[in-house]
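A.B. asks:
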Amino acid sequence: MCHEKLHVQTTRLETPPCQSSLSFPISAALNPCHSRSGSGVCGYNSFCTLGQDKRPTCQCPKSYSLVNPDDPYGSCKPDFIQGCEEDELSKRKDLYNFEVLINTDWPFSDSVLQRPFTEELCKEACMGDCMCSVAIFSSAILNAVLLVAICFSTSMIVQYKKKLRRVSRSETSVETNLRCFTYEELEEATNGFDKELGRGAFGIVYEGVVNNTCSETRVAVKKLNNFLLDQAHREFRNELNVIGLTHHKNLVRLLGFCEGGSERLLVYEYMSNGTLASLLFNADEKQKPSWKLRLELAIGIARGLVYLHEECITRIIHCDIKPQNILLDDYFNARISDFGLAKLMNMNQSKTNTGIRGTKGSLAGFGFSATSNAAATSQFVRAEMLPTSHLVRPYEAQVDVYSYGVVLLEIISCRRCVQEMEQEDEEKAILTDWAYDCYKDGAVDALVEGDNEALDDKEKLEKLVMIAIWCVQEDPVLRPSMRNVIHMLEGTVEVQVPAYPSQISIQYSLI
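Sequence positions in the sequence shown follow the numbering used here and run 43 to 553.
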């Protein structure tokens with residue numbers, strides 16, 4: 043039974059004039075309020091508003107409030123007692139009224155489409171259904187009217203939506219709003235690929251500017267390494283569709299792509315504050331990022347991985363989590379980049395005998411023995427196993443958990459996971475080993491020497507080190523899921539005493 047007046051909220055969606063003449067859906071791809079899976083930028087029962095600075099703001103509908111008042115991006119809960127009996131609903135329509143929500147939509151959530159339908163019939167249909175949460179009315183006269191009936195049976199929410207606009211297939215991939223660019227367009231956008239932002243295992247990234255009717259948009263264009271590309275057109279598109287359907291505030295958004303002969307390019311939103319690696323490793327002791335910011339970055343990265351592992355339409359294992367692949371937006375939010383590329387860049391490569399890839403770092407074990415001389419370079423590798431003709435093992439989420447543990451230690455200590463040391467400090471060369479020794483000896487403060495903020499938060503520091511040690515367990519079975527990592531970071535799950543991480547025989551040596 044509903045005990046309070048419930049509110050049905052109505053919205054008239056009006057398309058700004060400049061948007062209607064866009065030649066491609068770049069603005070839709072840039073809008074973080076548009077999400078197809080999970081809760082998106084905002085939590086459940088919440089709606090997202092995009093400001094002029096492209097910064098999303100989350101709001102609860104009337105008669106709702108945040109579950110956690112300290113988390114403005116969290117879910118909303120009703121301020122009234124939930125529940126209504128369906129057979130009595132017709133007697134209780136007086137408990138509802140309508141309110142207007144300006145320029146509001148719950149996109150990509152079609153459940154039931156009914157037509158022809160008038161606005162009044164749309165209202166009646168929603169009012170007569172206890173499970174109705176969202177309905178959109180569309181006609182030639184009224185662009186769209188959004189109705190939200192805030193009445194629930196237990197905690198179930200059903201969303202009804204009708205798409206307002208459809209984008210030309212010739213300009214986007216079939217299942218996403220990704221723009222299909224020509225090579226010439228991206229060559230012009232990057233001024234002949236003249237400003238390099240960075241390079242990595244998958245290719246080189248250039249800064250560019252994409253013009254549309256309303257404004258210019260800065261983008262990052264990744265030119266993929268040609269020698270890695272051997273996939274068919276359809277497979278390439280399928281994987282791009284998977285990447286394009288992802289959307290989370292801790293992921294870098296893919297805006298478009300280019301297939302031009304042997305060229306493959308990806309277009310991403312531009313991140314203005316560089317990489318986590320630059321933030322952590324390029325500053326002297328007096329310019330370290332604050333302890334508070336580092337904690338926020340650690341949680342943001344973890345949330346992004348939870349989304350990739352559990353909340354995407356298709357599960358994505360990153361396989362190359364490292365500070366160089368964590369970018370920072372205008373507000374220093376952590377944004378994971380290059381997700382989905384491990385599979386994309388290794389299509390039809392099952393016969394390639396490349397068992398380890400990545401950059402200098404630490405090796406995540408899978409129950410095998412190895413020596414540092416196996417690669418002939420004696421270098422440490424931040425790596426995970428890829429499918430090979432000799433080592434057939436599927437991608438596992440624990441791969442990313444291990445890498446996250448290494449990154450967490452780097453965030454704590456503001457140093458790289460492998461660092462050349464003087465002979466007397468050789469035990470500090472490998473960060474994961476040194477961190478465990480510090481924890482075992484009750485000396486975790488050595489990891490943040492000179493960092494007064496971190497030293498003043500000794501309890502949190504020790505907890506983070508314990509979480510990191512759990513993540514870098516050589517036995518994948520012992521590693522927590524990223525969701526459990528989040529619970530431990532937020533304090534909802536107690537962190538148990540970690541085991542010694544090295545359970546397999548791996549010998550290390552520095553060059």
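Positions of the beta carbon are idealized from the N, C-alpha and C atoms, including for glycine.
1. With DSSP as the reference, please indicate the residues paired to residue 300 in a beta bridge.
2. What are the start and end residues of the alpha helix (DSSP H) that includes residue 346?
3. DSSP beta-bridge partners for residue 101?
4. Do you know how far the Cα of residue 94 is from the Cα of residue 257?
5. For residue 342, count neighbouring Cβ atoms within 10 angstroms of its own Cβ and tell me buried if that reaches 16, exposed if not.
6. Check residue 83 in the structure and name its three-state DSSP category.
7. How is residue 107 classed by DSSP in three states: helix, strand or coil?
8. Give the DSSP-derived three-state secondary structure of residue 503 in the structure shown.
9. If you drop the 5 nearest sequence neighbours on each side, which residues of the same chain put their C-beta closer than 6 Å to that of residue 530?
10. Report buried or exposed for residue 534, applying the criterion of at least 16 other Cβ atoms within 10 angstroms of its Cβ.
11. Measure how close the beta-carbons of residue 250 and residue 263 come, nearest whole angstrom, since I'm counting them as under 8 Å.
12. Could you tell me which uninterrupted alpha helix (DSSP H) segments, each at least 4 residues in length, are contained entirely in the region 455 to 512, listed from first to last along the chain?
13. Measure the beta-carbon distance from residue 375 to residue 254 and round it to whole angstroms, keeping in mind my assumption that it falls under 8 Å.
14. Could you check if residue 539 is buried or exposed, using at least 16 other CB atoms within 10 Å of its CB as the buried criterion?
15. Can the beta-carbon of residue 460 be found closer than 8 Å to that of residue 472?
16. If you follow the beta strand (DSSP E) that residue 260 is part of, which residue opens it and which one closes it?
17. Compute the beta-carbon to beta-carbon distance between residue 244 and residue 267, rounded to the nearest angstrom, for a pair I have assumed lies under 8 Å.
18. Quick one: is residue 373 buried, meaning 16 or more other Cβ sit within 10 Å of its Cβ, or exposed?
19. Quick one: Cα of residue 526 to Cα of residue 239, how far?
20. In the DSSP assignment, find the beta strand (DSSP E) that holds residue 377 and state where it starts and stops.
21. Apart from the five residues just before and just after residue 450, which ones in its own chain have a Cβ nearer than 6 Å to its Cβ?
22. Measure how close the beta-carbons of residue 102 and residue 118 come, nearest whole angstrom, since I'm counting them as under 8 Å.
23. Alpha carbon to alpha carbon, how far is residue 422 from residue 475?
24. Just confirm the distance between the C-beta atoms of residue 365 and residue 452, as a whole number of angstroms; I'd bet it's less than 8 Å.
25. If we ignore side chains and look at the alpha-carbon of each, how far apart do residue 308 and residue 166 end up?
26. So who's on the other strand from residue 370, going by DSSP bridges?
27. Beta-carbon within less than 6 Å of residue 312's beta-carbon, same chain only, minus the 5 sequence neighbours each way: which residues are those?
28. Within the continuous alpha helix (DSSP H) that includes residue 525, where are the two ends?
29. Determine the DSSP secondary structure at residue 239, reduced to helix, strand or coil.
30. Helix, strand or coil: which one does DSSP assign to residue 363?
C.D. replies: In brief:
1. 223, 307
2. 333 to 348
3. 89
4. 12 Å
5. buried
6. coil
7. strand
8. helix
9. 509, 537
10. exposed
11. 5 Å
12. 473 to 482, 494 to 497
13. Incorrect: roughly 24 Å between the Cβ atoms, too far for contact.
14. exposed
15. yes
16. 258 to 266
17. 6 Å
18. exposed
19. 34 Å
20. 376 to 378
21. 340, 510
22. 4 Å
23. The predicted position of residue 422 is uncertain, since its pLDDT is 37 and thus under 50; no value can be drawn from it.
24. 6 Å
25. 46 Å
26. 376
27. 260, 261, 262
28. 524 to 532
29. strand
30. coil
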